[in-house]
Structures are given as C-alpha cells and as structure tokens.
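Reviewing the structure listed below.
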Amino acid sequence: MERSNIIFQLPSPASICVDESSDINEIFTKYNHFLASSNIWHRFEVTNIGNMHRNVILKTILDYMSPLELIPVCYAKDKNAEKCFFLARRCKTAIRKLASNDFMVEYPDTKKTGVKQSFFKIRVVLNFSNTEEFTVDILTNVLMVLQKRMKYPEKYLDLDNFADDPDLTEYCPLSQPRIALFVLNVAKTLRPLGIILSNNDLTKICNRFVFNSELRKLDLSHNQIQSFNSMVLKHLNITDLTLTGNPLCNCDQETYVKNALEACPRLELLDGISLRRGEFPTVQKNFLCSIDGYDLVNQFLQHFFTVYDSGDRSTLLKLYNPLAVFSCATSPSGVYSASLDRYHALSRNLMKTAEDGSKSKSIYNGIFEIYNLFANNIPLTQHDPYSFTADLVYRTNKCSILSVTGVFREPSNSDVLGFMRTFVLDHSYDESKCSILNDQLNVYKVPVFRESQYFVTPHSMSDPLKEIQLLPQKESDTQDLVRTLCRITSLREDWARQCLENCHFHLKTALEFFVSLYQEDKFPKHAFVK
C-alpha cells in the first residue's frame with residue numbers, strides 16, 4: 001500500500017485503542033504478543049499540535065521517551081491539520097511510559113509555538129497493520145541524502161544536524177541509537193575518511209556504532225556527551241577528533257587531553273590543536289569562542305573607541321550600565337613616561353593600595369563616577385585600530401566577556417602606551433544595545449624600539465575596525481561561517497562557501513556580496529535549498 005494512504009486506512013479488525021482511560025496492565029497482559037512482535041505496526045495519534053513542524057513534534061515526544069527508544073515512521077497530518085499520526089513497532093516500554101503520564105507529553109516551549117495548550121495528547125491503536133501489508137524503505141532515501149552530503153575530494157561525510165535535512169522523508173534523529181546505528185551502517189558503504197556528527201544531541205558513541213576502518217577524522221562537537229567513558233573509539237584509527245561544545249570539555253586542559261588520548265591512542269589533533277611533541281599550538285591573533293559573536297565584537301569596538309577617542313565622552317553614559325564598575329592598573333616599566341604616571345595615579349595596583357590605603361578609591365562605581373573620571377582625569381586619546389587584537393572568551397545569550405589589546409597615545413604627547421581592556425557586556429534584552437557591566441583597564445609603556453611600527457597607516461574610527469578581521473583559524477570555524485551564511489540566505493553549502501571565499505571569509509562582506517548578486521538575479525535556482 002502507498003505511504004500516503006497507510007496512515008488513514010481503517011485499522012485491522014483485531015486492533016485495540018489505548019488511551020488514558022484504558023487499563024494498561026490488562027492491555028499489556030492480554031495483548032503482549034502484539035507489543036512484542038516486530039511484524040506489527042502500531043499507530044500513534046497526536047492532538048493539540050497547532051501549526052508545529054513535524055520535527056518539533058517528534059523531537060519533543062522522543063525527548064520525553066529518552067532513554068527509551070521509539071522509531072516513528074510514515075508521519076502525516078489529517079486534512080484539517082488538527083492531528084498528526086505516525087507508525088511505530090516494538091514500542092512496549094515507550095507505551096508504558098506514556099501511560100504513566102496519562103498519554104500526555106508536555107510542550108518544550110509554549111511561547112515559541114504559540115499554542116494555548118501545554119501538552120500533546122496521544123492515543124495508540126495497537127495492531128493497526130502488519131509489515132507484510134506495508135513496508136517502510138528508508139534505505140534508498142538515506143543513501144541518497146548521505147551521497148549528497150559527501151564532500152569531495154576530502155571524502156568527508158557531513159552529518160551536521162542530520163535530522164533537519166529537508167530531503168529526508170522520515171525523521172532520523174541520530175540521538176536515537178538505533179537510527180544512528182542504521183545511518184552509520186549505510187555511511188560505511190561510502191568509505192568516508194572523516195565524519196562530521198556535530199549538533200545531533202548525541203549522548204554517547206556506543207560499541208554498536210560501525211565506522212569504516214579508513215576513518216581518520218571525527219567531529220563530535222556541540223553534542224551532549226557527558227564523559228569520555230560514553231565514547232567507544234579506542235578500536236578506531238582516529239587521528240583528528242573535535243569535541244568542542246560537549247559537557248565533557250568542562251575540565252582542566254591536562255585532564256582533558258589525557259582522557260582524549262586514552263580514548264583515541266593515535267590522536268594527533270584535538271579540537272584543531274596539534275598534540276605532537278615539539279609542535280606549538282596554532283597561534284591565533286583573534287579568538288571567538290562563538291562565531292555568533294562576530295558582529296557584536298566589531299560593532300561594540302567600533303562604537304566604544306570612536307566615542308572614547310572623540311572630544312566629547314558624554315555619550316559613554318549610554319554605554320555603561322547604571323551599576324557598572326571600572327578599575328585601572330599599570331604595569332611597571334623601566335622607562336619613565338609622564339603619560340603613564342597619570343594612569344598610575346588612578347591605579348588599583350596591590351602594592352600601591354597597600355601603601356596609601358587608597359584601595360576603595362581605586363574602584364569607580366556607576367556611570368557618573370566613571371564619566372567624571374573619563375572627563376576630568378583621563379586625557380584625550382588616539383587608538384591605533386591596526387594594533388588591536390580581540391578575544392571573545394565567553395558568550396551566552398545574556399552576557400559576553402571581551403578582551404582587547406592594542407596601543408594608544410595622547411594627541412599632545414608622542415609616547416605610545418599599550419593597553420589591555422576587558423569588558424563584561426550585558427545584552428540580555430537586546431544584543432544590539434549591550435551595556436558595560438565591568439571595565440578593567442591595564443596600561444603599560446611600549447618599548448621605544450617598537451613605537452615606530454604603530455600609527456603608520458592613516459585611519460578613521462568611523463570606518464569599521466577592519467584590522468580586527470576575525471577570520472576562521474581552523475576548518476571548524478570555517479564550517480561555522482558557512483552554516484551561518486546558509487541559515488541567513490538559504491544558499492546551499494557549496495554556494496555559501498564560494499561566496500565567503502570571494503570575500504576572504506568576512507561574513508558581513510559576504511552578506512553584502514550576496515545581496516548585490518541576488519538583486520541582480522545572478523543566482524541560479526539550484527543555488528538555494530528547496
């Protein structure tokens with residue numbers, strides 16, 4: 001029977017409806033042979049679905065079932081889109097868990113869905129059909145999607161966020177071990193040298209997962225793997241492993257590297273960093289802990305230092321939180337500088353505060369104390385943006401920590417001073433209107449022999465700080481940029497990558513480039529995801 005008709009056909013005469021009114025113990029005793037059989041389909045009917053997408057509905061139900069397994073197939077909605085249906089088999093324990101909660105599954109986020117009810121209501125028709133009447137062939141479709149996701153000539157198989165691939169006919173979350181086992185078994189026929197399994201909510205890599213012997217690169221970033229004991233990889237010849245964004249990363253570096261080498265004895269690269277003796281880690285001029293912070297860094301630095309270097313710092317009142325804190329420190333130098341002395345007078349250096357008891361005076365609280373300090377005690381400055389480096393070391397949807405280093409001078413003085421400034425930014429309400437919670441400034445004298453290398457190129461702070469170019473430092477960063485551009489533009493990955501390559505992987509420039517080409521109708525239809 002055709003896929004589109006199976007869900008809506010009349011159930012078998014021997015079928016049984018099960019819902020919150022059923023005596024589940026009697027059902028399980030009387031019809032255990034149906035529940036245990038792998039040759040019988042059971043139909044699940046879900047109400048209160050609103051306008052939610054298939055993947056949202058099924059993911060919510062499967063998350064509720066976890067760690068029990070339920071493999072839904074043949075999903076469909078009724079003609080009024082008020083209910084949805086799917087088939088499953090060998091799901092006795094899953095049905096028992098549903099019965100324990102009166103066949104209800106709570107929504108993950110009712111505000112996001114816009115649906116008034118707070119739960120799905122589920123009814124199950126046992127013995128709905130048998131597998132002889134209706135067979136589900138997902139092999140052909142999965143193989144086609146895997147072939148599409150193979151990257152040549154590297155022979156990398158990109159399974160990032162696999163369940164949301166628009167070409168999949170069935171919902172295939174790799175967080176379900178049976179589905180992951182099936183997909184990886186199919187993938188083995190393609191003999192990839194690397195597999196990217198990021199963003200799949202994986203909690204473990206069990207010994208049932210089958211990888212081809214040629215596999216050398218494995219990307220498990222941004223999953224839910226709690227410990228190295230949850231990964232069985234020792235039998236593989238993995239030399240390049242990426243685990244960024246998993247809970248198991250929350251330990252000190254020495255323990256992390258040791259555990260990784262125990263899990264993969266042949267490991268040479270961990271999270272893009274070489275583990276070979278005698279080799280130094282890749283030096284990065286700028287660092288982003290999250291590529292999503294790119295615009296935040298550039299926009300904040302441009303705005304802050306434009307105002308700070310202007311003749312009127314009053315606009316800074318709008319940038320600082322009413323409860324903001326500012327402190328200053330100076331690093332000792334063997335070279336005298338009158339400019340540095342001004343900052344030393346404001347310094348909270350421990351030795352200095354211990355001597356004169358000025359500890360409490362060296363902390364400036366609130367926007368008015370901070371502004372008065374900037375207006376009356378700190379001279380006008382001119383920063384060289386070409387000297388800047390930026391490290392976004394922490395980022396959530398509420399706050400970020402940003403460290404900036406570089407050099408500056410006073411317009412009336414030729415002394416060049418170096419600085420490191422660390423900002424704690426609050427953007428819990430609106431990222432485009434972040435405020436400074438904490439500002440720590442450290443100032444030091446630049447050696448005389450280095451002064452000539454700064455302030456060489458004329459610049460204007462009204463331009464974006466182009467020298468802060470936060471370019472991708474490794475392939476995972478590049479892939480993050482590609483995915484970001486894909487999400488924004490709906491371009492296919494190969495077209496998004498080409499767009500970024502033409503713009504030297506500057507995301508903002510690539511977006512402007514995309515808009516100009518799109519307005520001129522230069523993209524063919526196949527450049528976009530259907």
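In terms of the UniProt record's numbering, the sequence shown is residues 1 to 530.
From the three backbone atoms N, C-alpha and C, an ideal C-beta is built for every residue, glycine too.
In this text, all values refer to a predicted model and were calculated from it rather than measured experimentally.
Item to check | Alpha-carbon to alpha-carbon, residue 87 and residue 35 | outcome: 13 Å
Next on the checklist: Threshold first: 3 residues or longer. Then list the beta strand (DSSP E) segments lying entirely within the segment 130-200, N to C.
Outcome noted: 156-158 and 194-196
Checklist entry - Taking the Cβ atom as the reference point for each residue, do residue 405 and residue 389 lie within a distance shorter than 8 Å? => result yes
Item to check | Buried or exposed (CB count within 10 angstroms, at least 16 for buried), residue 526 | outcome: exposed
Next on the checklist: Out of 517, 480 and 502, which one is the CA nearest neighbour of residue 222?
Outcome noted: 480
Checklist entry - So which of 161, 207 and 195 has the shortest CA-CA distance to residue 177? => result 207
Checklist entry - By a C-beta neighbour count over all protein chains shown, 10 Å radius and 16 as the cutoff for buried, is residue 98 buried or exposed? => result buried
Checklist entry - Rounded to whole angstroms, how far is the Cβ of residue 187 from the Cβ of residue 173, which I believe are closer than 8 Å? => result 16 Å between Cβ atoms; not a contact.
Checklist entry - Which residues share a DSSP beta bridge with residue 106? => result 119
Next on the checklist: Rounding to the nearest angstrom, what Cα-Cα distance links residue 275 and residue 149 in this structure?
Outcome noted: 29 Å
Next on the checklist: With DSSP as the reference, identify every bridge partner of residue 495, one or two as the case may be.
Outcome noted: Residue 495 pairs with nothing; no bridge assigned.
Item to check | Distance between residue 27 and residue 121 (C-alpha atoms, nearest Å) | outcome: 19 Å
Checklist entry - Where DSSP assigns a beta bridge to residue 289, which residues make up the other side? => result Note: residue 289 sits in no beta bridge, so no partner.
Checklist entry - Quick one: what's got a C-beta closer than 6 Å to residue 327's C-beta in the same chain, skipping five residues either side? => result 348, 363 and 440
Checklist entry - Taking the Cβ atom as the reference point for each residue, do residue 146 and residue 190 lie within a distance shorter than 8 Å? => result yes
Next on the checklist: Please report the straight-line C-alpha distance between residue 165 and residue 293, rounded to a whole angstrom.
Outcome noted: 26 Å
Item to check | Cβ neighbour criterion (16 or more within 10 Å) applied to residue 514 | outcome: buried
Checklist entry - DSSP puts residue 421 in a beta bridge; with which residues? => result 404 and 441
Checklist entry - Roughly how many angstroms separate the alpha carbons of residue 510 and residue 300, rounded to a whole number? => result 20 Å
Checklist entry - Would you report the Cα separation of residue 400 and residue 323, rounded to the nearest angstrom? => result 17 Å
Checklist entry - residue 299 by DSSP, collapsed to three states: which one? => result helix
Item to check | Candidates 15, 374 and 418, of which the one nearest residue 311 by Cα | outcome: 374
Checklist entry - On the three-pair Cβ rule with 8 Å, is the segment 7-23 touching the segment 122-140? => result yes
Checklist entry - From residue 103 to residue 402, what distance separates their C-alpha atoms? => result 48 Å
Checklist entry - What do you reckon, is the C-beta of residue 144 under 7 Å from a heavy atom of the ligand FMN? => result Of ligands this structure carries none, so the ligand FMN is not represented either.
Checklist entry - My guess is that residue 159 and residue 205 are in contact by the Cβ rule of under 8 Å, so how many angstroms apart are they, rounded? => result Rounded, the Cβ-Cβ distance is 13 Å, inconsistent with contact.
Checklist entry - Between residue 516 and residue 489, what straight-line distance do the alpha-carbon atoms span, to the nearest angstrom? => result 13 Å
Checklist entry - Cβ atoms of residue 408 and residue 423: under 8 Å apart, would you say? => result no
Next on the checklist: Excluding the 5 residues flanking residue 451 on each side, which residues of the same chain have their C-beta closer than 6 Å to its C-beta?
Outcome noted: 416
Next on the checklist: Taking a contact to mean a Cβ-Cβ separation below 8 Å, would you say residue 371 touches residue 317 in this structure?
Outcome noted: yes
Checklist entry - Would you call the CB atoms of residue 179 and residue 95 closer than 8 Å? => result no
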